[in-house]
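Q: Heads up: the sequence lines are chains Y and D, in that order.
Position in the first sequence (from 1) plus 46 gives the number in this note's numbering.
Position in the second sequence (from 1) plus 1067 gives the number in this note's numbering.
Where a beta carbon is used, it is the ideal one built from N, C-alpha and C, also for glycine.
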Amino acid sequence: AQKVTQAQTEISVVEKEDVTLDCVYETRDTTYYLFWYKQPPSGELVFLIRRNSFDEQNEISGRYSWNFQKSTSSFNFTITASQVVDSAVYFCALSEALAGTALIFGKGTTLSVSS
Amino acid sequence: DSGVTQTPKHLITATGQRVTLRCSPRSGDLSVYWYQQSLDQGLQFLIQYYNGEERAKGNILERFSAQQFPDLHSELNLSSLELGDSALYFCASSVGEGTVSTEAFFGQGTRLTVV
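1) Could one say the Cβ of Gly1175/D lies closer than 8 Å to chain Y's Cβ atoms, at least one of them?
2) Can you list, in chain order, the residues of the region 78-96 of chain Y whose Cβ is nearer than 7 Å to any Cβ on chain D?
3) Please state whether DSSP places Thr118/Y in a helix, a strand or coil.
4) Under 8 Å between the Cβ atoms of Glu1142/D and Thr1180/D?
5) How would you call Ser141/Y, buried or exposed, if buried means at least 16 neighbouring beta carbons within 10 angstroms?
6) Where in the region 1130-1178 of chain D do unbroken runs of the beta strand (DSSP E), each at least 3 residues long, occur, reported from the N-terminal end onward?
7) Given that Ala1154/D touches chain Y, what residues does it touch there, using C-beta distances under 9 Å?
8) Kindly list, in the order they appear in chain Y, the residues whose Cβ is closer than 7 Å to that of Phe1112/D.
9) Would you please verify whether the beta carbon of Lys116/Y is less than 8 Å from any beta carbon of chain D?
10) Would you verify that the beta carbon of Ala1157/D is, or is not, closer than 8 Å to some beta carbon of chain Y?
11) With the cut-off set at 8 Å, would you say Ala1171/D and Ala1159/D are in Cβ contact?
12) Taking the alpha-carbon positions, what's the Asn104/Y to Gly1109/D distance?
13) Could you give the distance in angstroms between the alpha-carbon of Ala139/Y and the alpha-carbon of Phe121/Y?
14) Just confirm the distance between the C-beta atoms of Ser1069/D and Phe1173/D, as a whole number of angstroms; I'd bet it's less than 8 Å.
15) Measuring only between beta-carbons, confirm whether Lys49/Y sits less than 8 Å from chain D.
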């Protein structure tokens, strides 16, 4: 069965610290997509990244980077030099090619960045 | 701004009542998805429509129904409301039939409070 686990419920850091949010997924499909979304205090869900199961290349976008490792079924997200505006709930999600079109979300990690 | 519009933003209603949540997808998107976010269940997929037809169903209660109209906007109808239906309801849209091939962009959500 498909599942996404975000073991870290809450993380607190001080500005400029680097922080890594963990995501472990379970799927039987060989073709699947992984996503990260950000939910700031205002409540909307903001799309951050989508990766497919055939592309294990790490990605960097500004202060954000993602490490996809199929061997450990992980898709971790690192924020470098965190800022107060990064405070939000971050969700990792999985979408399987065969099982359907829905996104399966983890429980989310609440990141608090203090100044 | 994701381009997905949900109305109303907030809704307070009594148990046993019926409400309708509305979603306008991004221009050009044919798929609409509904998700429910509650404290105990997290983010859960409810239902998907593609170009007016139901495509996938998740954990949607029989008291809930949805439809997508010819202009592609969608409505989620919740009836015989219970306290436990209080949640944030998100609509998402994507160009294609499934999130495996396209990003899904979320609206700001409708916060439903049942009293």
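A: The short version:
1) If you number the second sequence from 1, residue 1175/D lands on position 108. The sequence given here has Gln at residue 1175/D, not Gly. Judged by the 8 Å Cβ criterion, Gln1175/D is in contact with chain Y.
2) Tyr79, Gly89, Glu90, Leu91, Phe93 and Arg96
3) Position 72 of the first sequence, counted from the first residue, corresponds to residue 118/Y. If DSSP states are grouped into helix, strand and coil, Thr118/Y belongs with the helices.
4) As a position in the second sequence, residue 1142/D is number 75, starting the count at 1. As a position in the second sequence, residue 1180/D is number 113, starting the count at 1. No, Cβ-Cβ distance for Glu1142/D and Thr1180/D is not below 8 Å.
5) Taking the first sequence and counting its residues from 1, the one referred to as residue 141/Y is at position 95. Here Ser141/Y is buried. Its C-beta has 16 or more other C-beta atoms within 10 Å.
6) 1131-1135, 1141-1145 and 1154-1161
7) Position 87 of the second sequence, counted from the first residue, corresponds to residue 1154/D. None at all; the shortest Cβ gap to chain Y is about 12 Å.
8) As a working mapping, residue 1112/D is identified with position 45 in the second sequence. Those within 7 Å of Phe1112/D in chain Y are Ala148 and Leu149.
9) Here residue 116/Y refers to the residue found at position 70 when the first sequence is read from its first residue. Not an interface residue.
10) Looking up residue 1157/D in the second sequence gives position 90. The question names Ala, but residue 1157/D is Phe in the sequence shown. Closer than 8 Å to some Cβ of chain Y, the Cβ of Phe1157/D qualifies, so yes.
11) Position 104 of the second sequence, counted from the first residue, corresponds to residue 1171/D. Position 92 of the second sequence, counted from the first residue, corresponds to residue 1159/D. Going by C-beta atoms, Ala1171/D is nearer than 8 Å to Ala1159/D.
12) Along the first sequence, read from residue 1 onward, the residue named residue 104/Y stands at position 58. Along the second sequence, read from residue 1 onward, the residue named residue 1109/D stands at position 42. Those two C-alpha atoms are separated by around 28 Å.
13) One-based indexing of the first sequence puts residue 139/Y at position 93. One-based indexing of the first sequence puts residue 121/Y at position 75. The straight-line gap from Cα to Cα measures roughly 10 Å.
14) Residue numbering aside, residue 1069/D sits at position 2 when the second sequence is read from its first letter. Residue numbering aside, residue 1173/D sits at position 106 when the second sequence is read from its first letter. So it is a contact: roughly 6 Å between Cβ atoms.
15) Counting from one through the first sequence, the residue named residue 49/Y turns up at place 3. So no, Lys49/Y is outside the interface.
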